[in-house]
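*Asks:* In our numbering, the protein residues as written are 349 to 598. Virtual Cβ for every residue (Gly too), placed ideally from N, Cα, C. Here it is, the structure in full.
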Ligand SMILES: Cc1ncc(COP(=O)(O)O)c(C=O)c1O
């Protein structure tokens with residue numbers, strides 16, 4: 349039995365045993381059952397030919413039905429289907445790919461940490477950034493700024509980075525250290541943009557204005573000033589440089 353011999357109704361029935369990310373099973377009551385793909389087209393089990401404008405989840409970069417990739421995968425899986433890269437181990441294909449990728453995007457981006465998908469890549473990037481600052485002696489430099497409406501994946505940290513509230517419901521508490529600022533779409537930007545200002549600058553300005561008292565966000569300093577000596581004693585961690593707008597008496 350090949351999968352192609354299963355009709356639409358049978359697949360939908362069997363699919364009830366599968367959990368789909370984030371969504372309620374009721375949304376999968378009548379799913380699009382994609383049977384095969386060719387070039388930019390996908391074909392559904394109920395006989396439709398559909399232009400895959402999203403290219404999967406933006407990851408089918410060479411189109412469907414490519415001949416070379418399955419051949420390479422077949423040869424590699426026959427030769428060595430798996431090996432760990434933990435504990436002082438590696439293998440020729442991953443070493444070769446890493447050396448090809450080195451410097452391709454930017455001269456200083458010359459090492460690669462391989463992952464299995466986007467969410468894991470983001471989690472790995474968060475850990476790498478924190479590790480970098482840890483090694484620089486800045487162990488408190490742990491925050492990540494992401495955009496509202498942005499999607500970053502389904503792992504715990506990637507969910508916290510995601511700026512879509514309905515993806516957070518039921519999964520709290522979120523991983524700490526993630527800050528959301530306005531998204532960069534000029535058309536949908538909800539705040540005011542003053543002439544000459546970019547959306548990013550407007551978002552940063554709005555952030556400064558509405559951040560007071562929100563845990564985990566940039567906080568205003570609650571300072572007691574020693575008049576005459578110009579020093580201040582801060583009651584919260586120093587997240588903003590002391591300036592007139594950031595000071596208020598305790
Ligand atoms: C921008 C972005 N980041 C992360 C992800 C998560 O990738 P994955 O589904 O491979 O975990 C996606 C998936 O659509 C994405 O579009």
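1. Check each candidate in 532, 464 and 480 and name the one with the smallest Cα separation from residue 407.
2. Taking contact to mean at least 3 C-beta pairs separated by less than 8 angstroms, is the stretch 499-506 in contact with the stretch 531-546?
3. Buried or exposed for residue 493, please, with buried defined as at least 16 other CB atoms from any protein chain shown within 10 angstroms of its CB.
4. Distance, Cα to Cα, residue 513 vs residue 496?
5. Could you tell me whether any non-hydrogen atom of ligand 2 is closer than 6 angstroms to the CB of residue 405?
6. So residue 552 packs on residue 526, CB below 8 angstroms; how close in whole Å?
7. Could you give the distance in angstroms between the alpha-carbon of residue 438 and the alpha-carbon of residue 501?
8. Go ahead and label residue 474 buried or exposed: buried means 16 or more other beta carbons lie within 10 angstroms of its beta carbon, across all protein chains shown.
9. List in chain order: all unbroken beta strand (DSSP E) runs of 3+ residues lying wholly within the stretch 457-537.
10. Going by DSSP, what residues sit across from residue 390 in a beta bridge?
11. Relative to ligand 1, is the shortest distance from any of its heavy atoms to the C-beta of residue 501 smaller than 6 angstroms?
12. Grab me the residues of residue 359's own chain with a C-beta within less than 8 angstroms of its C-beta, minus the 5 sequence neighbours each way, in chain order.
13. Please say whether residue 391 and residue 383 have beta carbons closer to each other than 7 angstroms?
14. Just how far apart, CA to CA, sit residue 472 and residue 374?
15. Check each candidate in 536, 361 and 447 and name the one with the smallest Cα separation from residue 379.
16. Comparing the CB of residue 465 with every heavy atom of ligand 1, is any distance shorter than 6 angstroms?
17. Given a threshold of 16 other Cβ atoms within 10 Å of its Cβ, counted over all protein chains shown, does residue 456 qualify as buried or as exposed?
18. Going by alpha carbons, who is nearest to residue 354 out of 389, 367, 395 and 556?
19. Using the three-state DSSP reduction, which class does residue 422 fall into: helix, strand or coil?
20. Just to confirm my understanding: we take residue 468, look at its own chain, exclude 5 residues before and 5 after, and list those with CB closer than 7 angstroms. What are they?
21. In whole angstroms, what separates the C-alpha of residue 444 from that of residue 411?
22. Determine, using beta carbons only, whether residue 556 and residue 529 come nearer to each other than 7 angstroms.
*Replies:* Quick look at the numbers:
1. As a working note, residue 407 is residue 59 in the chain shown. Its Cα nearest to that of residue 407, the residue 464 stands out among 532, 464 and 480.
2. Segments in contact, no.
3. Position 145 of the chain shown, counted from the start, is the residue given in the question as residue 493. Residue 493 is classed as exposed because its beta carbon has fewer than 16 other beta carbons within 10 Å across all chains shown.
4. As a working note, residue 513 is residue 165 in the chain shown. As a working note, residue 496 is residue 148 in the chain shown. A straight line joining the alpha-carbon of residue 513 with that of residue 496 spans about 9 angstroms.
5. As for ligand 2, it is missing from this structure, which binds only ligand 1.
6. Locating residue 552 in the chain shown gives position 204, counting from the first residue. Locating residue 526 in the chain shown gives position 178, counting from the first residue. That belief does not hold up - the Cβ atoms of residue 552 and residue 526 are roughly 17 angstroms apart, past 8 angstroms.
7. Mapped onto the chain shown, residue 438 falls at position 90. Mapped onto the chain shown, residue 501 falls at position 153. Their backbone Cα atoms lie some 28 angstroms apart in a straight line.
8. By one-based count along the chain shown, residue 474 stands at place 126. By the neighbour-count rule (16 or more Cβ atoms within 10 Å), residue 474 is buried.
9. Correct list: 492-495 and 526-529.
10. Along the chain shown, one-based indexing puts residue 390 at 42. Paired residue(s): 385 and 398.
11. Residue numbering aside, residue 501 sits at position 153 when the chain shown is read from its first letter. Yes, the Cβ of residue 501 comes within 6 angstroms of a heavy atom of ligand 1.
12. Along the chain shown, read from residue 1 onward, the residue named residue 359 stands at position 11. Closer than 8 angstroms at the Cβ level, and outside the excluded window around residue 359, lie 381 and 393.
13. Numbered from 1 along the chain shown, position 35 holds the residue referred to as residue 383. Numbered from 1 along the chain shown, position 43 holds the residue referred to as residue 391. Less than 7 angstroms divides the Cβ of residue 383 from the Cβ of residue 391.
14. In the chain shown, the residue the question calls residue 472 occupies position 124. In the chain shown, the residue the question calls residue 374 occupies position 26. For the pair residue 472 and residue 374, the Cα-to-Cα distance works out to about 33 angstroms.
15. Translated into positions along the chain shown, residue 379 becomes position 31. Nearest of 536, 361 and 447 to residue 379, Cα basis: 361.
16. Position 117 of the chain shown, counted from the first residue, corresponds to residue 465. Residue 465 Cβ: within cutoff of ligand 1.
17. Sequence index remark: in the chain shown, residue 456 carries index 108 (1-based). Residue 456 comes out exposed.
18. Counting from one through the chain shown, the residue named residue 354 turns up at place 6. Looking at the Cα atoms, 395 is the closest of the given residues.
19. Residue numbering aside, residue 422 sits at position 74 when the chain shown is read from its first letter. Here residue 422 sits in helix by DSSP.
20. The sequence position of residue 468 within the chain shown is 120, counting from 1. The beta carbon of residue 468 sits closer than 7 angstroms to the beta carbons of 503 from its chain, once the five residues preceding and following it are set aside; these are given in chain order.
21. Against the chain shown, residue 444 aligns to sequence position 96. Against the chain shown, residue 411 aligns to sequence position 63. Rounded to whole angstroms, the separation of the alpha carbons of residue 411 and residue 444 is 24 angstroms.
22. Taking the chain shown and counting its residues from 1, the one referred to as residue 556 is at position 208. Taking the chain shown and counting its residues from 1, the one referred to as residue 529 is at position 181. No Cβ-Cβ contact shorter than 7 angstroms links residue 556 with residue 529.
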